[in-house]
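With this note's numbering as the guide, the letters of the sequence shown map in order to residues -17 to 179.
What follows is a set of notes on a single structure, which appears directly below.
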Amino acid sequence: MHQRELILASSSQTRKDLMDRLKLDYRCISPDIDESAAGELHADDLAKRLAFEKARVVAEQHPDAIIIGSDQVAWREHAPYDFIGKPLSVENAIQQLQENSGRTVFFSTALSVQHLQSGFETTLVEHYQVKFRQLTLPEIERYIELDQPLHCAGSFKCESLGISLFEKMMGDDQTTLMGLPMIQLCKILRQFGISAP
């Protein structure tokens, strides 16, 4: 059976690192889409649409390849419509972590796998929660300086020093928190006869 090409529709280093775990041949193509909300009232809906669009843009250029798109939206308890974005500046990161301090932050991580040639498309959302401990301003400032989480929703890297900010983590698959739900991805790839391991 012809091994279909695998393409990760992402420029995220974290997602590349997760894909590398599978020891499969794949390449990355950045999907370059507008990631702003379009009236979505729940983080799940926004994450799903963006994951789908990222995969679709690349799938249209490579209809015979299996395309993997993913997107993550963070939000705080009882406010799934109030999306926490990437801070992009130290000031914003400090503010986000002060707001997260002592609270539970939820992550809606969507995965879209598409193979246009066979008409295959599935898009799903996985959830993960993180309970932050009470953080002091010096801790927050030191953390941001050391980990530089300016391109991470919620202003932390759980795979790095960010783990020190938490009281507990809750969910079925830690990779959901990192931005690509690997258990679900492996399950879908097996449908194509792509096995990991």
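Cβ atoms here follow ideal geometry from the backbone N, Cα and C, with glycine treated the same way.
Local Cβ density within 10 Å of residue i, reported as buried at 16 or more and exposed below that
i: Tyr63; result: exposed
i: Asp46; result: exposed
i: Lys36; result: buried
i: Ile122; result: buried
Rounded distance between the beta-carbons of residue j and residue i, thought under 8 Å
i: Pro69; j: Leu4; result: Actually they do not touch by this definition, with Cβ atoms about 30 Å apart.
i: Leu263; j: Asp7; result: Summary: the structure shown does not reach residue 263, with the chain confined to residues -17 through 179, and so no result is reported for it.
i: Gly161; j: Gln78; result: That belief does not hold up - the Cβ atoms of Gly161 and Gln78 are roughly 17 Å apart, past 8 Å.
i: Ile145; j: Val95; result: Not really, about 29 Å apart at Cβ, beyond 8 Å.
Nearest candidate by alpha-carbon position, reference residue i, set the options
i: Ser100; options: Leu28, Gly161, Glu42; result: Glu42
i: Ala92; options: Arg172, Ser71, Lys30; result: Lys30
i: Leu159; options: Gly67, Ser146, Lys169, Glu108; result: Glu108
i: Thr104; options: Pro179, Gln80, Gln173, Asp14; result: Gln173
i: Leu147; options: Gln(-5), Gly84, Val72, Ile48; result: Gly84
Proximal residues to residue i (C-beta, below 7 Å), its chain only, five neighbours per side dropped
i: Arg9; result: Ile(-11)
i: Leu28; result: Ala19, Glu22, Val55, Phe65
i: Lys139; result: Asp129, Pro131
i: Pro163; result: Thr91, Leu93, Glu108, Asp155, Thr157
Close-in-space but distant-in-sequence residues of the same chain around residue i (CB under 6 Å, 5 per side omitted)
i: His24; result: Pro62
i: Ser12; result: Ser(-7)
Proximal residues to residue i (C-beta, below 8 Å), its chain only, five neighbours per side dropped
i: Leu143; result: Tyr125, Leu128, Asp129
i: Lys(-2); result: Leu(-10), Ser(-8), Cys10
Q.
Could you check whether the stretch 150 to 170 touches the stretch 118 to 130, counting it as contact only if at least three pairs of C-beta atoms, one from each stretch, sit closer than 8 Å?
A. no
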